[in-house]
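**Q**
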Amino acid sequence: MLPPEPGLIATFGFVRNPYGFLDRCAREFGDWFTVRVPGVAPFVFTSDPAAVREVFQGDPALLHAGKANSPLGAFMGERSVLFLDGGEHLHDRRMILPAFQGDRMRAYGPMMRSIARAAIAKWPADVRFPIHPEMRAITFEVIMRAAFGLDESAEAAQLKDLIARLFALYSGRLASLFQLPAFRLDLGAWSPWGRVVRLNREMETALYAEFARRRASLEKNREDILSMLLAARDESGAPLSDQVLRDEMMTILLAGHETTAASLAWAMYRLGQNPDVAHAACDEVAQLGDDADPASMRYLDAVVNESMRLSPVVPNVGRVLQADMKIARRDLPKGVTIAPCIYLMHRRADLWPNPEKFDPSRFIDSRPSPYSFIPFGGGTRRCLGAAFATYQMKIVLAEVTRRFEILPVAGYEPRPTRVSIAIAPSDGMPVILKSRG
Ligand code: HEM
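The sequence shown runs contiguously to residue 1825 in the working numbering.
1. For GLY1816 and ARG1717, what's the separation of their Cα atoms in angstroms?
2. Would you kindly check if the distance between the Cβ of ALA1504 and the Cβ of GLU1793 is under 7 Å?
3. Does the distance from the CB of ALA1674 to the CB of THR1789 come in under 7 Å?
4. Mind checking which residues open and close the beta strand (DSSP E) that includes GLU1793?
5. Expressed to the nearest angstrom, what Euclidean distance is found between the alpha-carbon atoms of ARG1424 and SER1695?
6. With distance defined between alpha-carbon atoms, name the residue in GLN1710, GLY1660, PHE1599, SER1624 nearest to ASP1447.
7. Using a Cβ-based criterion (distance less than 6 Å to any ligand heavy atom), does THR1593 qualify as near the ligand HEM?
8. Rounding to the nearest angstrom, what Cα-Cα distance links PRO1721 and HIS1477 in this structure?
9. What residues in its chain sit with their C-beta under 6 Å from that of ARG1481, if we drop five residues either side in the sequence?
10. Could you check what DSSP says for HIS1734 in three-state terms: helix, strand or coil?
11. Quick check: is any heavy atom of the ligand HEM less than 6 Å from the C-beta of THR1648?
12. From ALA1620 to LEU1633, what does the alpha carbon distance come to, in whole angstroms?
13. Distance check for ARG1415 and GLY1767, CA to CA, integer angstroms please.
14. Enumerate in chain order the residues of its own chain whose CB-to-CB distance from ALA1810 is below 6 Å, with the five nearest sequence positions on each side excluded.
15. Based on Cα-Cα distance, which residue from GLN1661, ARG1770, PRO1741 lies nearest to ILE1820?
16. Are there any heavy atoms of the ligand HEM lying less than 6 Å away from the beta-carbon of GLY1465, as far as the coordinates show?
17. Between the alpha carbons of ARG1602 and LEU1562, how many angstroms are there, rounded?
18. Are PRO1459 and PHE1421 close, meaning C-beta to C-beta below 7 Å?
19. Below 6 Å, is the gap between the Cβ of VAL1692 and the nearest heavy atom of the ligand HEM?
20. For a test of the three-state rule: what should DSSP assign to LEU1821, helix, strand or coil?
21. Please name the residue in PRO1818, PRO1802, LYS1822 whose C-alpha comes closest to that of PRO1406.
22. Is any heavy atom in the ligand HEM found nearer than 6 Å to the beta carbon of CYS1729?
23. Any heavy atom of the ligand HEM closer than 6 Å to the Cβ of CYS1771?
24. Write down every uninterrupted run of the alpha helix (DSSP H) in the segment 1490-1572 whose length is 4 residues or greater and which is fully enclosed by it, in chain order.
25. Tell me, please, which residues DSSP counts as bridged to HIS1452.
26. Could you check whether the segment 1430-1446 touches the segment 1726-1735, counting it as contact only if at least three pairs of C-beta atoms, one from each stretch, sit closer than 8 Å?
27. Counting Cβ pairs closer than 8 Å, one from the segment 1621-1640 and one from the segment 1512-1519, do we hit at least three?
28. Restricting to Cα atoms, I'd like to know which of TYR1779, ALA1775, GLU1466, GLY1677 is closest to GLN1567.
29. Can you determine whether any heavy atom of the ligand HEM sits closer than 6 Å to the C-beta of ALA1777, and answer yes or no?
This is the structure we're talking about:
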């Protein structure tokens, strides 16, 4: 028998207020509960540490993440590493990994810093404004530059514009419904999905032309992600096909910027609420100097982790069971999705004393377990961009705290809201910034 479940109506809360829904389920049912969405196999949520360990260490042939991620295929195409399982997944992950390994970050760092500085220099002081759109602009610019390199051509500008317009459609108010096949109806150029389909086609043409242009160009040793993927070869010497490359690029671009921007918006909220923490971060930045290596930002690292602990922008991951399985002594049938719940795991009082308190010191001098601190998921599916995201977050927050004090906006309480593929604070996360002079 599956664990208990809230009614269908209550489940709509998962769309409207995901964190609130999960809190209610944990209060009512404890570590295990079942969520049903019409037309989809049941999701068995768990925040039992033993279960999460078993899932992350389990046999990927029996625990399919690609299938669990498939609703996001509507946004990114279905041939990327996010949606594959088994040998195919391993094959593509191995080919992409080099572009995201730790030592690559040092190459991306100066670019991330200069984009953040240019953007932050334009922010107003002493007035209320929404910071989430600003963070999205920074992370979009960063991922585009990391993905395509510095290219001032007209073709590059057109491609960037098409991708930006497509992602704007994905972050619209009703866009999360596109994850359900029933809402993907092409009823002509003016229907919501019809617009996505047409823009996608236009973007695809421009992207394929870019692949061809890059292959024909004599420029070697370019260090952007696209160049690395174009040059990648598997053990048999085969490159990635254009269709796979398209989907990998869309996954990296979308997964790479919306999640990081939403995480930055939440971090700004926490810093505004906790001036002592913001001060300590500012002191660290001052001590380290202008162009400090993010690897040396120990306090900011703790701030980023603590913010992701309380507000994980991806609240759960999923694995579809390929056979009947026993997980943490519980029998689960083939076909259900086991969903390790990041949000609830991060709020367990037995793992995180005083769990609601924002306290970066818990991460100083302590290495959190890969089964209790899981903002990037785990096992063979752990986020490929984890180092890229934390590196960038530290650089952006260092630049902000160096220049500004972050004042909370009176009366504002963030409501967790779905924006594209991430959960962000509502209303664009308003802040008031005061110049440090
Ligand atoms: C704060 C920012 C980010 C968060 C919170 C986040 C979170 C996640 C999570 C929870 C997963 C699923 C892991 C699992 O199923 O166990 C994932 C997968 C993935 N992420 Fe991220 N991510 C972030 C940034 C990025 C960035 C910057 C990139 C690329 C530039 C990226 C690329 C990917 C890819 C390619 C996968 C699929 C990995 C696979 O299936 O093997 N992510 N991410």
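In this text, a Cβ means the ideal position worked out from N, Cα and C, and glycines have one as well.
**A** From the atom records:
1. 43 Å
2. no
3. no
4. 1792-1795
5. 29 Å
6. GLN1710
7. no
8. 24 Å
9. VAL1469
10. coil
11. yes
12. 11 Å
13. 28 Å
14. GLU1646, THR1647, ALA1650, VAL1701
15. GLN1661
16. no
17. 36 Å
18. no
19. no
20. strand
21. PRO1802
22. no
23. yes
24. 1490-1508, 1520-1536, 1542-1558
25. VAL1708
26. yes
27. no
28. GLU1466
29. yes
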